[in-house]
Amino acid sequence: MALLELSTVSVHYGRIQALSDVSLTVEQGEIVTLIGANGAGKTTTMRAISGIRPLSGGTITFDGEDISTLRADLRVVRGISQSPEGRGVFPGMTVMENLDMGAYSRKDRKNLAEDLDRVFTLFPRLAERKNQAGGTMSGGEQQMLAIGRALMARPRLLLLDEPSMGLAPQFIQQIFRIITEINEQGTTVLLVEQNAQQALSRAHRAYVLETGSISRTGTGQELLNDASIKEAYLGVA
Amino acid sequence: MNHQVVTYLAEGVDWIRFDVDALLGQFWNNTIEGLSQGSIYALVALGYTLVYGVLRLINFAHSEVFVFGVFAAYFTFYGLGFRPGPTVTLGIGELILFLLLALIAAMAVSGATAVVLERVAYRPLRRRNAPSLVFLITAIGASFVMQQVLFIWRGGNAEQAIRLLRPEPVFTVFNTAVTNIQIITVLAALVLLVVADTFINRTRLGRGIRAVAQDPDTATLMGVNKERVIMITFLVGGLLAGAAALFYLMKIPQGASYQGGFLLGIKAFTAAVLGGIGNLRGALLGGLLLGVVENYGQSLFGGDWRDIVAFVLLIVILMFRPTGILGESLGKARV
Numbered sequence: 001m002a003l004l005e006l007s008t009v010s011v012h013y014g015r016i017q018a019l020s021d022v023s024l025t026v027e028q029g030e031i032v033t034l035i036g037a038n039g040a041g042k043t044t045t046m047r048a049i050s051g052i053r054p055l056s057g058g059t060i061t062f063d064g065e066d067i068s069t070l071r072a073d074l075r076v077v078r079g080i081s082q083s084p085e086g087r088g089v090f091p092g093m094t095v096m097e098n099l100d101m102g103a104y105s106r107k108d109r110k111n112l113a114e115d116l117d118r119v120f121t122l123f124p125r126l127a128e129r130k131n132q133a134g135g136t137m138s139g140g141e142q143q144m145l146a147i148g149r150a151l152m153a154r155p156r157l158l159l160l161d162e163p164s165m166g167l168a169p170q171f172i173q174q175i176f177r178i179i180t181e182i183n184e185q186g187t188t189v190l191l192v193e194q195n196a197q198q199a200l201s202r203a204h205r206a207y208v209l210e211t212g213s214i215s216r217t218g219t220g221q222e223l224l225n226d227a228s229i230k231e232a233y234l235g236v237a
Numbered sequence: 001m002n003h004q005v006v007t008y009l010a011e012g013v014d015w016i017r018f019d020v021d022a023l024l025g026q027f028w029n030n031t032i033e034g035l036s037q038g039s040i041y042a043l044v045a046l047g048y049t050l051v052y053g054v055l056r057l058i059n060f061a062h063s064e065v066f067v068f069g070v071f072a073a074y075f076t077f078y079g080l081g082f083r084p085g086p087t088v089t090l091g092i093g094e095l096i097l098f099l100l101l102a103l104i105a106a107m108a109v110s111g112a113t114a115v116v117l118e119r120v121a122y123r124p125l126r127r128r129n130a131p132s133l134v135f136l137i138t139a140i141g142a143s144f145v146m147q148q149v150l151f152i153w154r155g156g157n158a159e160q161a162i163r164l165l166r167p168e169p170v171f172t173v174f175n176t177a178v179t180n181i182q183i184i185t186v187l188a189a190l191v192l193l194v195v196a197d198t199f200i201n202r203t204r205l206g207r208g209i210r211a212v213a214q215d216p217d218t219a220t221l222m223g224v225n226k227e228r229v230i231m232i233t234f235l236v237g238g239l240l241a242g243a244a245a246l247f248y249l250m251k252i253p254q255g256a257s258y259q260g261g262f263l264l265g266i267k268a269f270t271a272a273v274l275g276g277i278g279n280l281r282g283a284l285l286g287g288l289l290l291g292v293v294e295n296y297g298q299s300l301f302g303g304d305w306r307d308i309v310a311f312v313l314l315i316v317i318l319m320f321r322p323t324g325i326l327g328e329s330l331g332k333a334r335v
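Protein chains in written order, with full-length UniProt numbering: chain Z, 1 to 237; chain E, 1 to 335.
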């Protein structure tokens, strides 16, 4: 049974249909990536999974439970945690407070130190900047903070929305390396990316989203070597 | 003291004065009275600021949340057997007990009023994603409705004063008597403001409120129940307004009137904007500053100028600091 399953999911913004009949699965332990152009509906898919956008059709199942209408904050308790597009770092909170926010829904407060250690091991930079306000950090540091914060929920499924957006090349490499590391430590990852090259080479499986619908699916390697994907998303003629 | 009224306008003008002697002569009296008045503004201002921080909504009906508290305190006195007339003589123990009961009643009524207001007036609009202008009109409408409910119930005249506590000087500083009511008001307000500040900055729920203020969607992604945060924000604002209501009634025993919240509400809102709306400490600063300055203005220009001075102060400060004195919103406010 898949950890996450979207079945013919549709989302509307007013009268405009942003997603139509999107179906996809994420198995336990995978990195699955969703690639597509601007406005294809990648972020909307993420927001539908985490419950920020209501569905206008279809169902979302997480670990066998239909969560289609479950309140967004309760989906975090179920084990879905998201690092949102644009990072969403709380500007007026320190690094530590931001990380604490990630653990907001945790009942097992006594295990937090362990997770904090894990985050600081993955992102030593955050340990150096514990007391700095989130809003004063660089884009790369904020991205680390957003991912670290999402990990503080100790998620079973980590949703990463455009983690490489706006980052310098050396940061992009580093972020993707860390995503693989997080996955190898046992966290399932659903990754939305415009940087298709990196995302496909890291992912076990991939879906291509085009104007609100899934147009292609396959393993990361298959799509990486596909001529039409190369032309459309990898900038290779 | 011998006051010499200096008129810088034409001879015979009596609608404005420029009385430096009065300003200086009553300086400390005005300062102390202003601080006690300003404490009440600050407590009410917090309600505006908290709700604005979380919802970006000016809750114009907050003034009526306050007035409901004033009536709750008044009728608590009434229910305890007190009737309008001269001040009753009470033992200190009894007095503290009765004031505490009135405080609890006023806070409970104002808190409940604020929560019900949120449920009935604002939540349905949020569900429908109404534009912010609709919220604003609804807030003004709710304010009128609540005022008129009080009017229908109690009529247009203010309730006759019930006096439990006579203002009596406790000690003098700079040759100025400081009264028991002033001391109680300022101390209690400061304690409540510190409690509110600690709640927002040091507790898990408070951090949830700040998170919603800074980024509602991301807060939800952290597992914060936004609707619950909004409810608690209205509740806290209401509780503080209820406390302010009791101090107001102690200061002005004849002040229980259906329209008693209008000017006070606008001034408290002014205080919130003055300090930087959305900023808790700004509300305190704005409230105290407004209370003090309008008292100075009253001495300097004459009693009719009190309110004008308050609002001119607002306009002048906003010209130079459009975000208020302390600026930052609740969202950005640092510990």
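All C-beta atoms, glycine included, are put in the ideal place defined by N, C-alpha and C.
Proximity to residue i [Cα-Cα], best of the options
i, options, result
"Gln28(Z)", "Phe171(Z), Ala206(Z), Arg156(Z), Leu167(Z)", "Arg156(Z)"
"Gly148(Z)", "Leu190(Z), Gly36(Z), Arg87(Z)", "Arg87(Z)"
"Arg204(E)", "Ala196(Z), Ala199(Z), Arg106(Z)", "Arg106(Z)"
"Gly282(E)", "Thr113(E), Gly324(E), Ala158(E), Gln298(E)", "Gly324(E)"
"Glu65(Z)", "Gly57(Z), Ile52(Z), Ile80(Z)", "Ile80(Z)"
"Gln198(Z)", "Gly92(Z), Ala127(Z), Glu184(Z), Phe171(Z)", "Phe171(Z)"
"Ala106(E)", "Ala243(E), Val292(E), Ser299(E), Trp15(E)", "Ala243(E)"
"Gln254(E)", "Leu285(E), Asn157(E), Ser299(E), Gln148(E)", "Asn157(E)"
"Phe98(E)", "Ala45(E), Leu164(E), Gly141(E), Arg128(E)", "Leu164(E)"
"Leu159(Z)", "Ile179(Z), Gly140(Z), Leu200(Z)", "Ile179(Z)"
"Val229(E)", "Leu246(E), Ala211(E), Ala245(E), Ala108(E)", "Ala211(E)"
"Ile32(E)", "Phe171(E), Gly276(E), Arg321(E), Phe234(E)", "Phe171(E)"
"Pro216(E)", "Thr8(Z), Gly39(Z), Ile16(Z), Ile52(Z)", "Ile52(Z)"
"Gly286(E)", "Asp304(E), Leu318(E), Trp305(E), Gly303(E)", "Leu318(E)"
"Ala272(E)", "His62(E), Val20(E), Arg123(E)", "His62(E)"
"Ala133(Z)", "Leu209(Z), Met165(Z), Ile182(Z), Leu145(Z)", "Leu145(Z)"
"Ile16(Z)", "Leu6(Z), Gly39(Z), Val32(Z), Leu4(Z)", "Gly39(Z)"
"Leu167(Z)", "Arg109(Z), Asp100(Z), Gln143(Z), Asn131(Z)", "Gln143(Z)"
"Ser10(Z)", "Arg154(Z), Thr121(Z), Ser56(Z), Ser215(Z)", "Ser56(Z)"
"Leu23(E)", "Phe320(E), Phe135(E), Arg306(E)", "Arg306(E)"
Burial state of residue i, where buried means 16 or more other Cβ atoms lie within 10 Å
i, result
"Val335(E)", "Note that Val335(E) scores 32 on pLDDT, short of 50, meaning its location in the model is unreliable; the coordinates nonetheless yield the value given after this. Exposed, because fewer than 16 other Cβ atoms sit within 10 Å of the Cβ of Val335(E)."
"His3(E)", "Note on His3(E): pLDDT 47, under 50, position unreliable in the model; the coordinate value appears next. Its Cβ having fewer than 16 others within 10 Å, His3(E) is exposed."
"Pro54(Z)", "exposed"
"Leu187(E)", "exposed"
"Val116(E)", "exposed"
"Ala113(Z)", "exposed"
"Ala237(Z)", "Confidence at Ala237(Z) is low in this model, with a pLDDT of 48, below 50, so the placement of that residue is unreliable and no value is reported for it."
"Ile35(Z)", "buried"
"Gln148(E)", "exposed"
"Leu221(E)", "buried"
"Arg129(Z)", "buried"
"Arg127(E)", "exposed"
"Lys226(E)", "buried"
"Ile137(E)", "exposed"
"Gln173(Z)", "exposed"
"Val236(E)", "buried"
"Asp73(Z)", "buried"
"Asp161(Z)", "buried"
"Ser164(Z)", "buried"
Residues bridged to residue i [DSSP beta-bridge criterion]
i, result
"Ser164(Z)", "None; Ser164(Z) has no bridge partner."
"Tyr207(Z)", "Leu34(Z), Thr217(Z)"
"Ser193(Z)", "According to the sequence displayed, residue 193(Z) carries Glu and not Ser. Answer by DSSP bridge pairing, in chain order: Ile35(Z)."
"Asp66(Z)", "Thr61(Z)"
"Val178(E)", "Phe171(E)"
"Ala133(Z)", "Thr94(Z)"
"His12(Z)", "Gln17(Z)"
"Val119(Z)", "None; Val119(Z) has no bridge partner."
Supposed contact pair residue j and residue i - C-beta distance, whole angstroms, cut 8 Å
i, j, result
"Ser132(E)", "Phe60(E)", "Actually they are not in contact, since the Cβ atoms of Ser132(E) and Phe60(E) sit about 13 Å apart, beyond 8 Å."
"Phe18(E)", "Phe301(E)", "7 Å"
"Ala2(Z)", "Val26(Z)", "6 Å"
"His204(Z)", "Gly186(Z)", "The pair is not a contact, with the Cβ atoms about 14 Å apart (cut-off 8 Å)."
"Ala150(Z)", "Ser83(Z)", "4 Å"
"Ser201(Z)", "Leu224(Z)", "6 Å"
Exercise for the section: Decide yes or no for the touch test of the region 48 to 68 of chain E against the region 253 to 270 of chain E: beta carbon pairs closer than 8 Å, at least 3 of them. Expected result: yes
Practice task
Would you check if the region 312 to 319 of chain E and the region 35 to 47 of chain E touch, i.e. whether three or more CB-CB distances between them fall below 8 Å?
Solution key: no
Problem - the region 83 to 102 of chain E touching the region 48 to 62 of chain E, judged by at least three CB pairs closer than 8 Å - result: no
Practice task
Count the C-beta pairs between the region 36 to 49 of chain Z and the region 188 to 200 of chain Z that are closer than 8 Å, then say yes if the count reaches three, no if not.
Solution key: yes
Handout entry: Validate contact between the region 89 to 97 of chain E and the region 263 to 270 of chain E using beta carbons, cut 8 Å, 3 pairs
Key = no
Problem - Any 3 or more C-beta pairs closer than 8 Å across the region 196 to 216 of chain E and the region 230 to 245 of chain E - result: yes
Exercise for the section: Check distances from the C-beta atoms of the region 198 to 212 of chain E to those of chain B and list, in chain order, the residues that come in under 9 Å. Expected result: The displayed structure is made up of protein chains Z and E, and chain B is not among them.
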